[in-house]
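If you use the numbering used here, the sequence shown corresponds to residues 540 to 641, in order.
We treat Cβ as the ideally placed atom computed from N, Cα and C, and that holds for glycine.
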Amino acid sequence: MEYNVHTLSNGIRLLHVPSASAISHACIIINSGSRDEDEKQMGLAHFIEHLIFKRTEKRNTNQILTRLESIGADLNAYTTKEYTCIHASFLNPYLDRTLELF
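Below you can see the structure in the form of C-alpha cells.
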C-alpha cells in the first residue's frame, strides 16, 4: 500500500493513502493514548478525542458536519494505549477541503 507521512513540528503525524479509486483516506496520529494517563486522568485521552469533533478554531460542530456532508466525507476517531487517531474518508478531489476540518 502506498502512503505519505508528514510529521509536524509538534510531533503529530499526518498519513495520507492515495487511491486509484474515487475515495482516499487520511488520518492524523497523535502520540498520546491511555498509557499516558495516571489513575486520576483515566479516560482523558478518549474524552479529548471526542472534543476534537466539537469545534475547531474556525468551525463549530454544525459547520463541521455540514462541510463533511457537502463533500461526501466521513470523519471518525479512536484512541488506543499508544495513540489517538482522527481519520477521514473522502472523494479524491476534496483532500484540501477535508484537511481543513482537522
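| query | result |
| --- | --- |
| For S628 versus H564, is the C-beta spacing smaller than 8 Å? | yes |
| Mind checking which residues open and close the alpha helix (DSSP H) that includes N601? | 600–610 |
| Rounded to the nearest angstrom, what separates P632 and K597 at their Cα positions? | 22 Å |
| Between the stretch 572–588 and the stretch 546–554, are three or more C-beta pairs nearer than 8 Å? | no |
| Could you tell me the boundaries of the alpha helix (DSSP H) in which I587 lies? | 583–591 |
| Under 6 Å Cβ to Cβ from S573, same chain only, skipping five residues before and after it: list those, please. | A584, K620 |
| Compute the beta-carbon to beta-carbon distance between T595 and L554, rounded to the nearest angstrom, for a pair I have assumed lies under 8 Å. | With 8 Å as the limit, T595 and L554 do not qualify as a contact, their Cβ atoms being about 19 Å apart. |
| Look at the alpha carbon of L630 and the alpha carbon of P557, and state the distance between them as a whole number of angstroms. | 11 Å |
| According to DSSP, is Y622 part of a helix, a strand, or is it coil? | coil |
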